[in-house]
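Colleague: Sequential numbering of the sequence shown, starting at 1498, is according to our numbering.
No residue lacks a Cβ here, since even glycine has one placed at the ideal position from N, Cα and C.
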Amino acid sequence: MKHFLRMAMCAVLLCALCVPASAAGYKAEYKLSVVPGATSGWGMSATYFADIVRQRTDNRVNIKVYHSSQLLAGKQTSEFMMLRNGAIDFALSSTINWSPQIKELNLPALPFLLASEPDRYKAMDAIEAGKSGQMMIAAIEKKGVKIIGWGENGYRELTTSKGPITRPEDMKGLKIRVVGSPIFIETFRELGANPVNMNWSEATTGFQQGLVDGQENPTNGIIIPVKIWNYHKFLTDWHYLIDPLLLGVNPKVWKGFSAEDQKILLDCAREAEAYGKALSRLGMDNGASLALLQKLNKVPAITDPYGCLEQNGMTVTKFTPEQVRLFFDATKAVRDKWIPQIGEELVKAAQADMAAAR
Ligand code: X2X
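1) Here's the rule I'm using: 16 or more other beta-carbon atoms within 10 Å means buried, otherwise exposed. How should Lys1528 be labelled?
2) Check whether the stretch 1661-1671 and the stretch 1618-1626 are in contact - that is, three or more C-beta pairs closer than 8 Å.
3) Given a cut-off of 7 Å, decide if Gly1648 and Ser1542 are closer than it, judged by their beta-carbon atoms.
4) Restricting to Cα atoms, I'd like to know which of Ile1739, Asp1710 and Pro1741 is closest to Leu1732.
5) Nearest by alpha-carbon distance to Leu1716: which of Ala1623, Glu1699 and Leu1738 is it?
6) Please return the same chain residues whose Cβ sits closer than 8 Å to the Cβ of Phe1685, not counting the five positions on each side in sequence.
7) Would you list the residues sitting across from Tyr1563 in a DSSP beta bridge?
8) With distance defined between alpha-carbon atoms, name the residue in Gly1745, Gln1820 and Pro1837 nearest to Thr1663.
9) Whose CA, out of Asp1740, Ile1682, Pro1665 and Thr1656, lies closest to the CA of Thr1701?
10) Between Ala1612 and Asp1850, how many whole angstroms is the CB-CB distance? I'm expecting something under 8 Å.
11) For the beta strand (DSSP E) that contains Phe1587, what are its first and last residues?
12) Going by beta-carbon coordinates alone, are Thr1814 and Pro1608 separated by less than 7 Å?
13) So Phe1816 is in the alpha helix (DSSP H); what residue range does that whole segment cover?
14) Start and end of the beta strand (DSSP E) containing Ile1673?
15) Specify, as a first and last residue, the run of the alpha helix (DSSP H) that Thr1702 falls within.
16) Starting from Leu1742 and walking both ways along the beta strand (DSSP E), at which residues does that stretch end?
17) With DSSP collapsed to three states, give me the class of Gly1773.
18) How close, in whole Å, do the beta carbons of Trp1629 and Glu1576 come, if the pair is a contact with beta carbons under 8 Å?
19) With a 10 Å radius around its C-beta and 16 neighbouring C-beta atoms as the bar for buried, classify Arg1557 as buried or exposed.
20) Would you mind sorting Glu1713 into buried or exposed? The rule is 16 or more other CB atoms within 10 Å of its CB.
21) How long is the line joining the alpha carbons of Met1579 and Leu1762, rounded to whole angstroms?
22) With distances taken Cα to Cα, identify the nearest neighbour of Ser1590 among Lys1639, Leu1743, Lys1561 and Pro1679.
23) Short check: CB of Gly1677 to CB of Asn1650, under 7 Å?
24) Going by Cα to Cα distance, which pick from Gln1791, Glu1614 and Glu1638 is closest to Gln1598?
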């Protein structure tokens, strides 16, 4: 009997040793929130991130992606508070969705901020990697969410059922769906349109029912996956802003990971950012995105976004620099009002970051 007890104790001890020490106290599942659907660019980036994290941590960190605003009861602007309060562990989100809580995150939404940059992607990367990116991250972390990486939704382009849109006057009276973020409402009002605040979770039904005449979102990440041509036949390539994403973690959750796992998570976030940016920029850069996706063996079915839009009967209007200038001038009042709210210092830092990358 004594012998049996000794054997049993040994077995218990051995089992305890089998459990990796760093997994002690880890959750069985970490919830990652994504506002749009699984086939959106960010839905795919989030899945990529979760998959490589699971592999490289030998299943210690098991992240499940909840797309289509499932964790948010459809309300995308409540995501930041839920992440901060721990109802959500991770989120890959647009700065737009968190901007009602963090005014600095309105910087990328300043209309035509990148308009005169020779290489807008390079300019956006320079903001994220530079002092202005650090300032945005510091503002978020001060409000209680840890940031571990960037991502990209992409150039937000305008799609409409009426068109084509070639000059600011064409915007008059158009009902355009926007996120419930004040700077977007003001930008479209300034252009003479009639902005309608609608959650993304309800937007496609809204398009179907013809509640609005148009919307703005990125081509690769959103417009193609939702087959916008079923509702809108005109796409205006005005490049009025690039919508960056942020990968955030609840700070308590972050502190619960071992130093080794935190490092793995940071590495995976960097790789997911590169993958997500390639999805967003595919067919819109010099071929670098396609080359990366080929290297990763992750080339999506559609590699020629403009060809795809045209095949589906859409008319694409690509703005000339002169047309961009007209819209830039027409939105001056929005920039003048919002720059002091975002912070002059942050805007100046962004301009310096972009200038250094030229
Ligand atoms: O609601 C949108 O337009 C979307 C999906 O792009 C965001 O979450 C900002």
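Modeller: If we stick to the structure as given:
1) By one-based count along the sequence shown, residue 1528 stands at place 31. Per the 10 Å Cβ criterion, buried.
2) No: the two stretches stay apart, fewer than three of their Cβ pairs being nearer than 8 Å.
3) The residue labelled residue 1542 in the question sits at position 45 within the sequence shown. The residue labelled residue 1648 in the question sits at position 151 within the sequence shown. Cβ distance < 7 Å, so Ser1542 and Gly1648 count as in contact.
4) Taking the sequence shown and counting its residues from 1, one reaches residue 1732 at position 235. Cα-wise, what sits closest to Leu1732 is Asp1710.
5) For the purposes of this step, residue 1716 is taken as the residue at position 219 of the sequence shown. As written in the sequence, residue 1716 is Thr, which differs from the Leu given in the question. The residue among Ala1623, Glu1699 and Leu1738 with its C-alpha nearest the C-alpha of Thr1716 is Leu1738.
6) Sequence index remark: in the sequence shown, residue 1685 carries index 188 (1-based). Setting aside the 5 residues that flank it on each side, Phe1685 is surrounded in the same chain by Met1668, Ile1673, Val1675, Asn1691 and Pro1692, each with a C-beta closer than 8 Å to its C-beta; the list follows chain order.
7) The residue labelled residue 1563 in the question sits at position 66 within the sequence shown. DSSP output for Tyr1563 lists Ser1530 as bridge partner(s).
8) For the purposes of this step, residue 1663 is taken as residue 166 along the sequence shown, with counting starting at 1. That would be Gln1820, whose Cα lies nearest to the Cα of Thr1663.
9) For the purposes of this step, residue 1701 is taken as the residue at position 204 of the sequence shown. Comparing Cα-Cα distances from Thr1701 to each of Asp1740, Ile1682, Pro1665 and Thr1656, the minimum goes to Thr1656.
10) Within the sequence shown, residue 1612 is the residue found at index 115, counting from 1. Within the sequence shown, residue 1850 is the residue found at index 353, counting from 1. For Ala1612 against Asp1850, the beta-carbon gap comes to about 16 Å, at or over 8 Å, which does not count as contact.
11) Counted from its first residue, the sequence shown places residue 1587 at position 90. That run of the beta strand (DSSP E) goes Phe1587 to Ser1591.
12) Translated into positions along the sequence shown, residue 1814 becomes position 317. Translated into positions along the sequence shown, residue 1608 becomes position 111. Cβ distance not < 7 Å, so Thr1814 and Pro1608 don't count as in contact.
13) For the purposes of this step, residue 1816 is taken as the residue at position 319 of the sequence shown. No alpha helix (DSSP H) holds Phe1816; DSSP gives it neither H nor E.
14) Counting from 1 along the sequence shown, the entry for residue 1673 is found at position 176. Taken as a continuous stretch (DSSP letters only), the beta strand (DSSP E) holding Ile1673 covers Lys1672 to Val1675.
15) Mapped onto the sequence shown, residue 1702 falls at position 205. Element bounds for Thr1702: Trp1697 to Gln1705.
16) Along the sequence shown, read from residue 1 onward, the residue named residue 1742 stands at position 245. DSSP places Leu1742 inside the beta strand (DSSP E), whose first and last residues are Ile1739 to Val1746.
17) The sequence position of residue 1773 within the sequence shown is 276, counting from 1. Look at Gly1773 here: in three-state DSSP terms it is helix.
18) Translated into the one-based positions of the sequence shown, residue 1629 becomes position 132. Translated into the one-based positions of the sequence shown, residue 1576 becomes position 79. The question names Trp, yet the displayed sequence has Ser at residue 1629. About 23 Å; that fails the 8 Å criterion.
19) The count along the sequence shown starts at 1 and reaches residue 1557 at position 60. So Arg1557 counts as buried.
20) Here the question's residue 1713 lines up with position 216 in the sequence shown. Buried: at least 16 other Cβ atoms inside 10 Å.
21) Here residue 1579 corresponds to residue number 82 of the sequence shown, with the count starting at 1. Here residue 1762 corresponds to residue number 265 of the sequence shown, with the count starting at 1. Their Cα atoms are separated by approximately 21 Å.
22) For the purposes of this step, residue 1590 is identified with residue 93 of the sequence shown, where counting begins at 1. Comparing Cα-Cα distances from Ser1590 to each of Lys1639, Leu1743, Lys1561 and Pro1679, the minimum goes to Leu1743.
23) Mapped onto the sequence shown, residue 1677 falls at position 180. Mapped onto the sequence shown, residue 1650 falls at position 153. Against a cut-off of 7 Å, the Cβ pair of Asn1650 and Gly1677 comes out as no contact.
24) In the sequence shown, the residue the question calls residue 1598 occupies position 101. The option with the nearest alpha carbon to Gln1598 is Glu1638.
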